[in-house]
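Contents: one structure, followed by commentary.
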């Protein structure tokens, strides 16, 4: 019995299909969603969403963050951005990393909301670089 996976970003509906398992990059670590999974709402970090059929990965996407709503028969990913792994550009991501690190160095500790936002962006860009290699 498969699970239905939907991956959606503000730009478009990327995936709507049946698979055996999806592995998601949660803020607390990776989580696998399979048929019969207990309901959970997951905050995503930047990383790779891997779709499995049987024991092999059939498709991978990079998400920069967002949420996943996991249930017994369905997993819906609402991502900030979604890209195919082969569309990632490591050099462009390294340039963004440099810009973000510069912004981080200039930020005052009295701006906790901005620090948290930059931390999430830095994590996502580092994950993008890792996924693109």
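Numbering (my numbering), first residue to last: 169 to 301.
The beta carbon of each residue, even a glycine, is placed where N, CA and C say it ideally should be.
Sub-8 Å separation of residue i and residue j beta-carbons
i           : j           : result
residue 250 : residue 175 : yes
residue 286 : residue 271 : yes
residue 299 : residue 225 : no
residue 199 : residue 183 : no
residue 236 : residue 210 : yes
Residue nearest to residue i in terms of C-alpha spacing, selected from the options
i           : options               : result
residue 296 : 233, 244 and 285      : 233
residue 169 : 188, 291 and 215      : 188
residue 194 : 215, 255 and 242      : 215
residue 219 : 236, 205, 201 and 255 : 201
Alpha-carbon spacing of residue i relative to residue j, whole angstroms
i           : j           : result
residue 185 : residue 288 : 29 Å
residue 280 : residue 212 : 20 Å
residue 217 : residue 266 : 25 Å
residue 222 : residue 282 : 42 Å
residue 179 : residue 245 : 13 Å
residue 284 : residue 196 : 15 Å
Extent of the continuous beta strand (DSSP E) to which residue i belongs
i           : result
residue 244 : 242-247
residue 215 : 215-221
residue 208 : 208-212
residue 181 : 181-187
residue 253 : That residue, residue 253, is in no beta strand (DSSP E); it is neither H nor E in DSSP.
residue 239 : Neither: residue 239 is in no beta strand (DSSP E) and is coded neither H nor E.
For residue j and residue i, believed in contact at Cβ under 8 Å, the rounded distance
i           : j           : result
residue 301 : residue 258 : 6 Å
residue 207 : residue 238 : 7 Å
residue 243 : residue 190 : 5 Å
residue 230 : residue 268 : Not quite, the Cβ-Cβ distance comes to about 17 Å (not below 8 Å), so this is no contact.
Alpha helix (DSSP H) segment containing residue i, residue limits
i           : result
residue 287 : 280-300
residue 264 : 258-274
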